[in-house]
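Report on the following structure.
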Amino acid sequence: MMKFKTTSFFIFLMSLSLQAQHSIIPAPVSYVIQKGSFVLNQNTKVYLVNSNPELRQITNLHFSSFLKKGLAISQKKPDSNTKYITIELNKTLDETLGKEGYTLDVSEKAVVLKANTVSGLFYALQTFDQLLPLEALSSRNIAIPACKIKDYPRFGWRGLMLDVSRHFFTTNEVKEYIDWMSKYKFNVLHWHLTDDNGWRIEIKALPKLTEIGAWRVERFGSFGEREAPNQEEKTPYGGFYTQDEIKDIIKYAAERQISILPEIDVPGHSMALLAAYPELSTKKEPKMVNPGSNFSEWHGDGTFTMKIENSLNPSDEKVYAILDTIFGEIASLFPGQYIHVGGDECYHGYWEKDANCQALMKRENLKDSKELQSYFIKKIEKIITSKGKKMIGWDEILDGGLADGVAVMSWRGIEGGIKAAKMGHEVVMSPNTYTYLDYIQGDNSVEVPVYASLTLKKTYEFEPAPDGIDPKYVLGGQANLWTEKVPTIQHAFYMTYPRAFATIESVWSPSKNKNWDNFSSRVEKHFKRFDTLEKPICKAVYDPIVKTKMDGEKMICTLSNELSNVDIYYTIDGSFPAKYSPKYTSPFEIPKGEITFRVVAYRNGVQIGRMLTLSREMLKNRAGK
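Residue numbering for the sequence shown follows the working numbering, starting at 4 and increasing by one per position.
Below, the structure is given as structure tokens:
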């Protein structure tokens, strides 16, 4: 009897091991290895069971350049001697798969992809791509390990936000960003189109928005520390998307199962709008699009003061008339159900000093400026609703009260999302504590300086549906790439990946299956995929983590790494560390004197991370001294 139990337990362990042997991101609900492999080559046929035009489109899109020349696609079933890939819509709906789930069965004879919908089959094809070995790009015969996969998403909203106001990205660059989103099953591109630093969308009835608001003076140096513009300077830096370009990008995204959420950020973050129409502010002073100069003072407690007015005037009916025009054109362009209105970081100081705003507050019985912003947001909600759309905004729109039917995107942690869900509002979780892709992801000695940090491991801890709220109100989650310090699409990819992998796994895969060691090992395999395709990706997870603390007059240093099977070597004598240098085993004292500390990570005798170089002063700063 004991022998039987031991054997059964061994088989159980083997089953768990087999299920873990894949590098798919996001991890599927179920993955089981089968015997053998399917060999893919130029003779492989693609059997399209259904005549659905949309299905044929995604199939053509997927296989048109496969193996350099493309694979033959037919609705005629191949003969019994031909190896083939079958793509089929289920005749009888599989309720467990829902609208976006799929099954994928790889045997020695065939690959069979099934789903209830075209979306499900699109995602099945993305998983199929990830089953291909790296050598697939150059091989004529590709062996795909036999397996059975059943998969479906945890949440319907799986987003990435791309800020194109701080730095403009071309239509081709936006499409490239969309391409990679689709590979990993993201389905919402939140497009941050307007801010203080640029207005990026053509509004035909208001041409000055792009004639003036899309352009700024050219500045170099750190964003936030640049010289302020003056009215005599030319404004050559910027750009915008025409409505035809917008339609083209929307169509391109839709073909890849991605909807686009447009954001017009009001009433704050409106410097570019006010550069075009300064009369829409309380002081009505001339403005210029901000090039990255500092015009705000943060007080360390979450409050701030704006040195230049960048908010719309809530007491001016002309503001609402112009916004009605703007949102009317936005609604006609974008087919999605939501329009994002921003609503974040709106400074109220100018409102509080303005006689017209104070008269409005008295007339409407508004007790403070938060309720005045709520008044503004509610009027905008009526405008958006009149266009047949629903409104969504950052969690500040909760302040002062919120109209029914408005969705909330929680960015200041998860608290706003929890509050909104308890009030019965739909929520997208996007907390800066887990999902802000502009934050430093490695050691600040080797990354572009930003005011906060967020490691891959911390991102992986993101939970979109925290305890204490009804998950039915949680639409899903997303990660946000603000681009103040991201001037190129190459840098955008570097900042997005691999942390976007952690985000998509949090919103697609079952939460009970989360495992950091398993996830990080899969991420390492995708590093190789990005390298093969010459696409930037950050490998900061390889770098050592250096922490110090003071013990009296002694400075104690602790070294670590988030990955397994990593050795750390360091030097304090100015030399360059390698595997024959001192190996870290326990915390140690940093000697006094102007030393240069260097540290590097190795695995199996090979360097895997960047070497970090820190002065004693830098180490001391980490200790809070």
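Glycine included, every Cβ here is placed at the ideal spot set by N, Cα and C.
Name the two residues that bound the continuous beta strand (DSSP E) containing residue i.
i, result
"Ala-275", "Ala-275 -> not in any beta strand (DSSP E); alpha helix (DSSP H) instead, spanning 274–279."
"Thr-551", "548–554"
"Glu-266", "262–269"
"Met-412", "410–413"
"Tyr-378", "That residue, Tyr-378, is in no beta strand (DSSP E); its alpha helix (DSSP H) goes 372–389."
"Ser-335", "No beta strand (DSSP E) contains Ser-335, which is instead part of the alpha helix (DSSP H) from 320–336."
"Ala-113", "113–118"
"Ser-33", "33–43"
Below 8 Å CB to CB, which residues in the same chain sit around residue i once its five sequence neighbours on both sides are set aside?
i, result
"Met-4", "For Met-4, the predicted model reports a pLDDT of 39, less than 50, meaning its position is unreliable and no value from the coordinates is stated."
"Asp-182", "Arg-259"
"Ser-262", "Asn-190, Val-191, Leu-192, Ala-256, Pro-338, Gly-339"
"Thr-308", "Ser-299, Glu-300, His-302, Tyr-350, Gly-352"
"Ser-433", "Gly-162, Met-164, Met-412, Ser-413, Trp-414, Gly-480, Gln-481, Ala-482, Asn-483"
"Met-614", "Phe-579, Pro-580, Arg-601, Val-602, Val-603"
Would you say residue i and residue j are within 8 Å of each other, going by their C-beta atoms?
i, j, result
"Phe-496", "Ile-540", "yes"
"Arg-219", "Pro-294", "yes"
"Ala-334", "Lys-393", "no"
"Asn-119", "Asn-84", "no"
"His-428", "Glu-348", "no"
"Phe-600", "Leu-622", "yes"
"Glu-537", "Ser-509", "no"
"Gln-45", "Cys-150", "no"
"Ile-492", "Tyr-244", "no"
"Gly-479", "Val-431", "yes"
"Arg-157", "Lys-188", "no"
"Lys-102", "Pro-81", "no"
"Thr-438", "Thr-506", "yes"
Residues in the same chain with beta-carbon distance under 6 Å from residue i, minus the five sequence neighbours each way, listed in chain order, please.
i, result
"Ile-680", "In the structure displayed, the chain extends from 4 to 628; residue 680 sits before or after that span and is not available."
"Pro-232", "Val-220, Met-291, Pro-294"
"Ile-571", "Pro-547, Leu-562, Tyr-587, Ala-604"
"Tyr-341", "Leu-264, Lys-393, Ile-395"
"Ile-400", "Gly-346, Ile-380"
"Thr-10", "At Thr-10, the pLDDT of 40 sits below 50, so the modelled position is not reliable; the number obtained from the coordinates is stated separately. Hits under 6 Å: none found."
"Ile-611", "Tyr-545, Ala-604"
"Phe-171", "Gly-241, Gly-242"
"Ala-424", "Val-430, Ile-472, Tyr-476"
"His-343", "Leu-264, Glu-266, Ile-395"
"Leu-405", "none"
"Pro-136", "none"
"Ile-598", "Ile-575, Arg-619"
"Phe-7", "Since pLDDT at Phe-7 reaches only 37, below the 50 mark, its modelled position is unreliable, and the value read off the structure follows with that caveat. Result list for Phe-7: empty, nothing under 6 Å."
Just to confirm my understanding: we take residue i, look at its own chain, exclude 5 residues before and 5 after, and list those with CB closer than 7 Å. What are they?
i, result
"Asn-297", "Gly-227, Glu-228"
"Glu-620", "none"
"Met-274", "Asp-199, Lys-290, Val-292, Asn-293, Asn-313"
"His-65", "Leu-128"
"Leu-369", "Leu-375, Tyr-378"
"Phe-522", "Tyr-463, Glu-508"
"Pro-513", "Val-32, Arg-157"
Which residue comes first and which comes last in the alpha helix (DSSP H) that contains residue i?
i, result
"Asn-483", "Run containing Asn-483: none in the alpha helix (DSSP H); it sits in the beta strand (DSSP E), 477–484."
"His-494", "492–499"
"Met-621", "619–625"
"His-65", "56–66"
Mind reading off the beta-carbon distance from residue i to residue j? Whole number of angstroms is fine, and I expect it under 8 Å.
i, j, result
"Glu-91", "Lys-112", "Not confirmed; about 16 Å, so no contact."
"Asp-268", "Thr-174", "With a Cβ gap of about 21 Å, Asp-268 and Thr-174 do not count as contacting."
"Leu-617", "Val-549", "7 Å"
"Leu-326", "Ile-386", "6 Å"
"Ala-279", "Lys-211", "4 Å"
"Ser-40", "Gln-133", "That pair is no contact at about 15 Å."
Does the beta-carbon of residue i, which I'm using as the reference point, lie nearer than 7 Å to any heavy atom of the ligand PLP?
i, result
"Phe-530", "Ligands in the displayed structure: none, and consequently the ligand PLP is not present."
Runs of alpha helix (DSSP H) lying entirely within the segment 507–564, each at least 4 residues, in chain order: With a minimum length of 4 residues, the continuous alpha helix (DSSP H) runs that stay inside the segment 507–564 are 519–535.
Ignoring anything shorter than 4 residues or poking outside the segment 155–202, list the alpha helix (DSSP H) runs there in chain order. Within the segment 155–202, complete alpha helix (DSSP H) segments of at least 4 residues are found at 174–186, given in chain order.
Completely contained alpha helix (DSSP H) runs for the segment 398–453, where each covers 4 or more residues: Segments of the alpha helix (DSSP H) lying fully in the segment 398–453: 418–425, 435–438.
Can you check the segment 237–263 for any alpha helix (DSSP H) of at least 4 residues that lies completely inside it and give the ranges in chain order? List check, alpha helix (DSSP H) in window: 246–257.
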